[in-house]
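Participant: Chains as they are written, first to last, in our numbering: chain D, 1 to 474; chain F, 1001 to 1204. Next up is a structure, given as C-alpha cells.
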Amino acid sequence: MAAKTLFNKIWESHVVLEEPDKPTLLYIDLHLVHEVTSPQAFEGVRLSGRGVRRPDLTFATKDHNVPTHDRSLPIDDPISKKQMDTLRENCNEYGITLFGLTTNSDLQGIVHVIGPELGLTKPGMTIVCGDSHTSTHGAFGALAIGIGTSEVEHVLATQCLRQNRPKVFEVKVKGKRTQGVTAKDIILSIIGHIGIAGATGTVIEYRGEAIEALSMEERMTICNMSIEAGARAGIIAPDEKTFKYIEGRRYAPKGKDFDDAVESWRGFKTDEGATFDKTVTLDASSMAPQVSWGTNPGMVTDVTGYVPDPDTFSDLNSQKAAKSALSYMGLTPNTAIREIKLDRVFIGSCTNSRIEDLTAAAKIVKGKKVAQDVRAMVVPGSQMVKSEAEKEGIDKIFKEAGFEWRESGCSMCLGMNPDILAPGDRCASTSNRNFEGRQGKGGRTHLVSPIMAAAAAIEGHFVDVRELDINKEI
Amino acid sequence: MEPLQIVSGTVAPLDKINVDTDQIIPKQFLKRVERTGFGKSLFYDWRYNDDGTENPEFELNKDHYRGANILLTRDNFGSGSSREHAPWALREYGFKVIIAPSFADIFYNNCFKNAILPITLHRSTVDELFLKVYSTKGYSLTVDLESQTIHADHGWEIHFDIDPFGKRNLLEGLDDIAHSLEHEDEIKRYEENMVLERKWALPN
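Now the structure itself:
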C-alpha cells in the first residue's frame, strides 16, 4: 500500500462522496458553535425547514461577546446580549448542548479551549467551527477547519462539508529550543519565515523533534496560529502525550472503548516515505523569544532585535505595507524592541490562556508588582482553567502583583466585549492577531508569549525572558 | 442567492496587500443576528473619521469610485478571520467582483456563497489594471462568468480561471445545501458505517 500522510488518512476516512468537477463531500465528526457566526446559519435551517441533522455531534459555547467581569452583573450591551440569547434559544430549539453563562456555566470557555478539555477533540476526527482558529484542535491529530456561516448552515443541515482537497505542507522544526523560547515563539518564527500567506491552500503538518517535545497545550498554541500563516488547518500526529491528555475527560471514550480507541489512533501518523507537496525546515535551537512590531503576525522579530526599516524591504508593496504599519504602530525604524514601552498587558485568548500558560506567567510575576502606568489583565481560557488556577493559588499571585483576574472568554483578543484598548494604547498581548484596530480602534498590539507578556508587565517594556529565572517553584 | 452572470461597471482600487477581515468589517459590527445591515460598516475605520464623517482620503469615498461594483486589490485579500460578515458587507455595499493576485482561503470560499465572484489574476495584470484605473476616471470593465473573460472598452480582454463548482453555483444562484441533501442516502450509509468503524469519534 502506498505511503500516506496523516492528512490523507483522515481525509480519506471521511469521504462521503466524490463527483467529477465538484468538491468532495466530507463527513464532519464534531461541529463546534459560538454565538457570533451561528445565528444566520440557524435561521437558514429554520426557514428552509431542514433543521439540524446531528445535534448530538454539535456543541455550543458563548465566548466572543461575554463580558469577563463579575457574572452576577447584567450584560450592558443589548446587541451582545441578543446574540447570546439567540444562541441559547437555538440550542434549546434543536437540542444542542450549550456551555453558557447560566447553562453548564462551570464548563463555559473559549470554544478552542473547551473542546480539548472536555475530551470532545480526538485524533483522526474531522472538526469544524465557524471560527478561523479551529485549527487549534489539529494538535490532537484531527483535521480541524475554520468555516464561514454558510458552511456552518451546510454542516448543521447535512453534517457534511464540501471541500476541495488541500495540499499538504510539511513544516519541520528540528533541534532543541532554549529556555525562554516557547511554543508561541516557535509558531511566530514559522509565520515570520514562511509569511502570512505562506501556507495558503494547504494543511500544515508540524513535525520534527522540537514539535514532538511539546506538551499538548503547547501543540495547541502552534496549531492555533496555522491560520495566521494562511493554512486551512494545522496538524500534529498524536502520540502517548495525546492519549494521556484525553484519558478520563468528560466526553472521551472510557474503559475498553478507550483502549480500542488508542489502538486506532496509533495509526494516525504519516507513513515512512509519504511525500508532501511542500516542505520547510526550521531549527528551534536558533530561535529567540519573538515580538511583533507591525500589523500582521508575519511582522515579527527577536526580542533582541530592532524595528525594521521599511526601505530595506525587497518589493514596493511590502515597503508600503511596512511604512503604513509603523505609522499605525507609532514606531520608528531601528528602535530596539526592548525599549518599547507598554500601557497594557493581556494574557488570554485561544492561543495562550491554558493552565500551563498561566502557570508559566505566574512564575515570572510572583513577588513582583506590575509597572506603574501599566494595566495588566489575565483572562483564563475557560472556567475549568480558572478554577484549576485558583486551586493552585495562581490567581493570588497575579492579583498581588496588580493584575486583574477575570472570568473566561475571548476578551481583548478581539474586543467584541467590553475589554478593549483605547486609541494609542500599546499592548503586549498573548493573542494571535495584531491587525489594525483588532483590540480596539487605534490600539497597538504586540504579539508575544505569556512569559514575555508577564515580564513586560513587570518592567513596563519588553525584556528578554532568557535573562530571567523562569523555572523557580511557585 | 441572486445569480451572477455578467457584471459591468466601475472599478474601485484598494491598493494594499493583506487586507484582513478586521479591516473589511471591524468586530464591533459582528453582533447582528441577521445577514443584512453590514454594507454601511464596510472598511469602517478607513472609510470614516472619528466623528463619523467620511474620510475624503479613502478611495471609495472619492466621487468617481462611488457606485463601483468591481474591487481591484492586492495579494492575500480577506486574510484573517472566517467571518462571513466580510462578504456580506462587500456585497451589500455593491461589489459583485473582486480582482486580486491572491485571496485568503476561507474568504475566497465565502464569496461563492454570497454572489461575489473572486477573480485571481497574475500580479503583472493586476499592476496593469491599477495603472489603468488611476489614469482613466471611471475606468470600467465587463466580467462575463460564463465565458470566464474580462473585457474593457478599448478592446482589452483577458481570460480567468475559476473552480467549475463555484462557477455553476454563482451562475445559477444555487444553494449548495440542496445539492448535498440530494445525497441523503450516501450520508446515511456513511453514518451507519461510522458507528461500527469509528465509535471513538462519537462523544461518550
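Ideal placement from N, C-alpha and C gives every residue a C-beta, glycine not left out.
#1: Closer than 8 Å is the cut-off here; do at least three beta carbon pairs connect the segment 320-330 of chain D with the segment 348-362 of chain D?
#2: Per DSSP, what kind of secondary structure is D:K472 in: helix, strand or coil?
#3: Looking at the C-beta of F:V1126, does it have a partner C-beta in chain D at a distance below 8 Å?
#4: Tell me D:A376's beta-bridge partners as DSSP assigns them.
#5: Along the segment 187-220 of chain D, what residues have a CB closer than 7 Å to any CB found in chain F?
#6: Would you report the Cα separation of F:L1141 and F:A1152, rounded to the nearest angstrom?
#7: Counting contacts by CB-CB distance shorter than 8 Å, is F:V1033 in contact with chain D?
#8: Does the distance from the C-beta atom of D:L143 to that of D:Q290 stay below 8 Å?
#9: By the criterion of Cβ-Cβ separation under 9 Å, what are the contact partners of F:F1038 in chain D?
#10: So, is the C-beta of F:F1130 closer than 8 Å to a C-beta in chain D?
#11: Residues of the segment 150-162 of chain D in Cβ contact with chain F at a cutoff of 8 Å, in chain order, please.
#12: Looking at the structure shown, is D:Q163 part of a helix, part of a strand, or coil, going by DSSP?
#13: Closer than 8 Å by beta-carbon distance: list the chain F residues that pair up with D:P253, in chain order.
#14: Just grab the DSSP bridge partners of D:Y206 for me.
#15: Could you work out which residues of chain F lie near D:I235, taking near to mean beta carbons separated by less than 8 Å?
#16: Would you check if the segment 1008-1018 of chain F and the segment 1165-1181 of chain F touch, i.e. whether three or more CB-CB distances between them fall below 8 Å?
#17: Based on the DSSP secondary-structure assignment, which residues constitute the bridge partners of D:K278?
#18: Tell me whether D:V463 sits in a helix, a strand or coil according to DSSP, three-state version.
#19: Beta-carbon of D:F99 versus every beta-carbon of chain F: anything under 8 Å?
#20: Between which residues of its own chain and D:D106 is the CB-CB distance below 6 Å, once the five residues before and five after are set aside?
#21: Pull up the DSSP beta-bridge partners for F:G1009, would you.
#22: Under 8 Å, Cβ to Cβ, is there at least one residue of chain D near F:K1016?
#23: Given this structure, state the Cα-to-Cα distance separating D:K363 from D:E240, to the nearest angstrom.
#24: Measuring CB to CB, does D:T200 end up less than 8 Å from F:S1102?
#25: Between which two residues does the alpha helix (DSSP H) carrying D:Y251 extend?
#26: Do you know offhand how far D:K472's Cα is from D:V370's?
#27: Quick one: is D:V203 buried, meaning 16 or more other Cβ sit within 10 Å of its Cβ, or exposed?
#28: Whose C-alpha, out of D:W265, D:E247, D:T61 and D:A157, is nearest the C-alpha of F:E1197?
#29: Can you list the residues of chain F that D:Q83 reaches, using a CB-CB cut of under 7 Å?
#30: Residues of the segment 296-316 of chain D with a CB closer than 9 Å to any CB of chain F: list them in chain order, please.
#31: For the segment 1134-1168 of chain F, which residues have a CB atom closer than 8 Å to at least one CB atom of chain D, in sequence order?
#32: Taking the beta strand (DSSP E) that D:G201 falls in, what are its first and last residues?
#33: Using the Cα positions of D:L447 and D:S286, report the straight-line distance between them to the nearest angstrom.
#34: By how many angstroms is the C-alpha of F:N1076 removed from the C-alpha of D:R50?
#35: With distances taken between CB atoms, is the gap from D:H137 to D:P116 smaller than 8 Å?
#36: Spatial neighbours of F:V1133 within its chain, please: C-beta separation below 7 Å, excluding the five flanking residues on both sides.
Facilitator: Quick look at the numbers:
#1: no
#2: coil
#3: no
#4: D:V345
#5: I196, A197, T200 and G201
#6: 5 Å
#7: yes
#8: no
#9: Within 9 Å Cβ-Cβ: nothing; F:F1038 doesn't reach chain D, min ~11 Å.
#10: no
#11: S150, E151, E153, H154, A157, T158, Q159, C160 and R162
#12: strand
#13: K1199, W1200 and N1204
#14: D:V171
#15: None at all; the shortest Cβ gap to chain F is about 16 Å.
#16: no
#17: D:F169
#18: coil
#19: no
#20: Q383
#21: F:L1141
#22: yes
#23: 28 Å
#24: yes
#25: No alpha helix (DSSP H) holds D:Y251; DSSP gives it neither H nor E.
#26: 19 Å
#27: buried
#28: D:W265
#29: K1031 and V1033
#30: N296 and G298
#31: D1163, P1164 and F1165
#32: Unbroken run through D:G201: none, as it is neither H nor E.
#33: 20 Å
#34: 35 Å
#35: yes
#36: V1011, P1013, L1072 and Y1139
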